[in-house]
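Following: one structure in structure tokens, then a few remarks.
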Amino acid sequence: MAKSLISRQLILFGILLVGIACTEPKKEIVVPETDLAQEALIPMPLKVIATNSAFALDQYTAIYTSSTEGGIDEVGSFLSSKIQSKTGLRLPVNDTEGSTVDRVIYINQTDELELQENEAYQIYITKDSIILNAKTNEGAFRGVQTLRQIIPEKSNDSLNEHSIWPIPSGKIMDEPNFEFRGVMLDVARHFFSVEEVKKFIDILAYYKINVLHMHLTDDQGWRIEIKSWPKLTEVGGSTEVGGESGGFYTQEEYKEIVDYAAKHHMMILPEVDMPGHTNAASVSYPFLNGNGKSPKLYEGTHVGFSTFDTRKDTVYSFIDDVVREISSISPSPYFHIGGDESHVTKKNDYKYFVERVEKIVQKHGKKMIGWDEVATANIDSTSIAQFWNSMDNARAAADKGMKVILSPAKKTYLDMQYDPLSEYGLHWAAYIPVDSAYVWKPETYCGIPMENILGVEAPLWSETISNSKELEYLAFPRAIGYSELSWSTETNRDWENYKKRLAKQAPFLERMNINYYPSKLIDWEKSEYTIEKIKKD
């Protein structure tokens, strides 16, 4: 049934192309020779084959999808809106009346792909058509990001009567190396607004990142409304590092972020850090506290001094409520319990806590993720360890059959300074310049079997940053490199080639008003904005 439907859709597409060919001929479009293989695509696709002609994107181009149901038409509308923001062209989507159409972009959902992954896609570009084939809406959306990257920043106006944007012809076959490709944002040390988070999502999605991990709670702040425990935000959300007023997301605001991310085929992964990093919760409800001290609001950056009382049943009743409320508004299959740097929790109490919280998370239909310390507890193979510090813990997790997320602090921590002169960031793990961030191999870094590696995540802790401008300085361009490390195969990754492609991202980053760090390791594509920025930094 599905194949016959696909066949009918392709027949309709063929009729559409014939109809275009039979319209009154217009003056031939002149396009320059192009080379698809030389485009600055990030992350690098699995295979690119150039045919050295071009598709002339112009006012006579339209977008069609294989269906107007099931969300594939929304992918077409997304592409149309992004083309308009870049070129000013308003391309109709699935409009068969009232438009003069010479060329088409066709987004086709089909099971008949050579590639098998859910996010796999293929793009065929000729002079008259662009056909994007994908198994899923998610795969189509990833392919759309590739199309966005090969649309020129400027039109070619000199050879034709109207503006065209020549898109290089050829074939692209692509699928991800890892299914989990994440960036983490710490909104607890400093709070970031809904709009700031949305802007971050926009840029991450362009580079095929599919997880935004939100570190929602810490000693300095509790950032998500829990209706059954209102003081968490009334008290615990009232401050942040440095003494500013803090803030929090209502559940409706959190759902707004989740929905916005979903439209970009990105998962929001919620984290409630415990049993350590819990001072904000204990200030709000002192019965939670287990360190023997009277909790007070904390605005510093020291870690490891707080803990829940892991032997008190009422603490687990509290955690049950928190996990239940967040899980009910979070479609993510995962719930992150933190578990790091719980230095004042006794070893056996820590293990008892993790094992008991794992069951609470599972009770609410989620798989537990924790920082690599959780692997010291007796947890089952469905839970996931996030390696940040201890290779021994990461390997222990793999030995238990668990999946591991790779976030080694020495390589992936976005809050580390680029060099001693960096304006923001820390350097306790390492200085991480743009090349060091890219030149490592997740597949072999820990000696963990590939089948145990869920993916790669780059965490951005916010002790030294408080707004989007500062966030972007630390995140970009390094997050772009992590997108390639997690999407592209090892054989398709090469620093010398990557840095040339990265240099050509400057016009996009500038158009999106991203305050990226203009590393001198990169010969950035020059514009007035870039030149002034390099002089300043």
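Residues in the sequence shown are numbered consecutively from 183, following our numbering.
Idealized CB from N, CA, C, for every residue including glycine.
All figures in this text were calculated on a predicted structure; none of them were measured in a lab.
Exposed or buried, K736, counting other C-beta atoms within 10 Å across all chains shown (16 or more means buried)? Outside the shown range of the chain, which is 183 to 719, sits residue 736, and nothing can be said about it.
Contact between the stretch 590-604 and the stretch 556-575 is defined here as three or more beta-carbon pairs at a separation below 8 angstroms; is this criterion met? yes
Count the other CB atoms, across all protein chains shown, that sit within 10 Å of the CB of G419; report buried if there are 16 or more and exposed otherwise. Position 237 of the sequence shown, counting from 1, holds the residue named residue 419. The residue in question, G419, is buried, as its Cβ has 16 or more Cβ neighbours within 10 Å.
Hey, Y389 and E407: beta-carbon distance below 8 angstroms or not? One-based indexing of the sequence shown puts residue 389 at position 207. One-based indexing of the sequence shown puts residue 407 at position 225. No. Outside cutoff.
Counting only runs that start and end within the stretch 503-578, where is the alpha helix (DSSP H) found for 4 or more residues in a row? 529-545
Buried or exposed: R272, going by 16 or more other Cβ atoms within 10 Å of its Cβ? Here residue 272 refers to the residue found at position 90 when the sequence shown is read from its first residue. Exposed, by the Cβ-count rule.
Rounded straight-line distance, which links the Cα of T292 to that of A302: Walking along the sequence shown from the start, residue 302 turns up at place 120. Walking along the sequence shown from the start, residue 292 turns up at place 110. Using only the alpha carbons, I get a separation of about 11 angstroms.
Could you spell out where the beta strand (DSSP E) holding Q304 opens and where it closes? Working through the sequence shown from its first residue, we reach residue 304 at position 122. Here the beta strand (DSSP E) through Q304 covers 303-307.
Could you please give me the residues that DSSP links to W404 through a beta bridge? Counted from its first residue, the sequence shown places residue 404 at position 222. W404 pairs with T399.
When the Cα atoms are used, what is the spatial distance from A688 to F360? Here residue 688 refers to the residue found at position 506 when the sequence shown is read from its first residue. Here residue 360 refers to the residue found at position 178 when the sequence shown is read from its first residue. Roughly 26 angstroms separates the two Cα atoms.
Between the alpha carbons of E707 and A222, how many angstroms are there, rounded? The residue you call residue 707 lines up with position 525 of the sequence shown. The residue you call residue 222 lines up with position 40 of the sequence shown. If you take the alpha carbons of E707 and A222, they lie about 11 angstroms apart.
Bridge partners for G292 per DSSP, in chain order? On the sequence shown, position 110 is the one that residue 292 refers to. According to the sequence shown, residue 292 is Thr rather than Gly. DSSP lists no partner for T292.
When you compare only the Cα positions, how much space is there between I551 and P452? Within the sequence shown, the letter at position 369 stands for residue 551. Within the sequence shown, the letter at position 270 stands for residue 452. Their backbone Cα atoms lie some 10 angstroms apart in a straight line.
Indicate the three-state DSSP secondary structure (helix, strand or coil) for A222 in the structure shown. Here the question's residue 222 lines up with position 40 in the sequence shown. Residue state, collapsed to three classes: coil.
Own chain, CB closer than 7 angstroms to P225, minus 5 neighbours either side, in chain order: Taking the first residue of the sequence shown as position 1, residue 225 is located at position 43. Here the set comprises Y389, K390, S665, E666, W669, S670.
Inside the stretch 411-492 only - beta strand (DSSP E) runs reaching at least 3 residues: Listed in chain order, the complete beta strand (DSSP E) runs (minimum 3 residues) inside the stretch 411-492 are 449-453.
Cβ neighbours of E523 in the same chain (closer than 6 angstroms, five flanking residues each side left out): Numbered from its first residue, the sequence shown carries residue 523 at position 341. Contacts found: G458, V485, G486.
List the endpoints of the continuous beta strand (DSSP E) containing D255. Here residue 255 is taken as the residue at index 73 of the sequence shown, counted from 1. It is not in any beta strand (DSSP E) - D255 instead sits in the alpha helix (DSSP H) that spans 254-269.
Does the separation of the CB atoms of A685 and R660 fall below 8 angstroms? To locate residue 685, count along the sequence shown from 1; it is residue 503. To locate residue 660, count along the sequence shown from 1; it is residue 478. Going by C-beta atoms, A685 is not nearer than 8 angstroms to R660.
Start and end residues, beta strand (DSSP E) containing E652: Position 470 of the sequence shown holds residue 652. Per DSSP, E652 belongs to no beta strand (DSSP E); it is in the alpha helix (DSSP H), 650-657.
Tell me the start and end of each unbroken alpha helix (DSSP H) in the stretch 580-649 that is at least 4 residues and wholly inside, in chain order. List check, alpha helix (DSSP H) in window: 591-594, 616-620.
Can you give me the start and stop residues for the alpha helix (DSSP H) that S665 sits inside? Position 483 of the sequence shown, counted from the first residue, corresponds to residue 665. From DSSP, the alpha helix (DSSP H) with S665 extends over 660-669.
Check whether the Cβ atoms of K548 and Y595 lie closer than 8 angstroms to each other. Indexing the sequence shown from 1 puts residue 548 at position 366. Indexing the sequence shown from 1 puts residue 595 at position 413. No; because the gap between Cβ atoms is not below 8 angstroms, this pair is not in contact.
On the CB-based measure, 16 or more other CB atoms within 10 Å of its CB, does H344 come out buried or exposed? Numbered from its first residue, the sequence shown carries residue 344 at position 162. With fewer than 16 Cβ atoms within 10 Å of its Cβ, H344 is classed as exposed.
Coarse secondary structure for D368, derived from DSSP in three states: Here residue 368 refers to the residue found at position 186 of the sequence shown. D368 falls in the strand class under three-state DSSP.
If distances are taken between C-alpha atoms only, which option among G482, V369, T328, K336 comes closest to P358? Numbered from its first residue, the sequence shown carries residue 358 at position 176. Of the candidates G482, V369, T328, K336, the one whose C-alpha sits nearest the C-alpha of P358 is T328.
Give the range of the alpha helix (DSSP H) segment to which I332 is assigned. Walking along the sequence shown from the start, residue 332 turns up at place 150. Taken as a continuous stretch (DSSP letters only), the alpha helix (DSSP H) holding I332 covers 319-332.
Less than 8 angstroms between the C-beta atoms of T149 and D491, yes or no? With the chain represented from 183 up to 719, any question about residue 149 goes unanswered, as that position is not in the structure.
When you compare only the Cα positions, how much space is there between E537 and T558? On the sequence shown, position 355 is the one that residue 537 refers to. On the sequence shown, position 376 is the one that residue 558 refers to. Take the alpha-carbon of E537 and the one of T558: they are about 10 angstroms apart.
For V286, which beta-bridge partners are listed by DSSP? Numbered from 1 along the sequence shown, position 104 holds the residue referred to as residue 286. In DSSP, V286 forms a bridge with A244, S311.
Quick one: grab the DSSP three-state call for L228. Residue numbering aside, residue 228 sits at position 46 when the sequence shown is read from its first letter. Correct three-state label for L228: coil.
Let's see if you can read the secondary structure: which residues bound the beta strand (DSSP E) around K353? As a position in the sequence shown, residue 353 is number 171, starting the count at 1. For K353, the enclosing beta strand (DSSP E) stretches over residues 347-356.
Kindly give me the distance between the Cβ atoms of M448 and A387, rounded to whole angstroms, as I take these residues to be in contact under 8 angstroms. Taking the first residue of the sequence shown as position 1, residue 448 is located at position 266. Taking the first residue of the sequence shown as position 1, residue 387 is located at position 205. Indeed, because the Cβ distance is near 6 angstroms, the residues count as touching under 8 angstroms.
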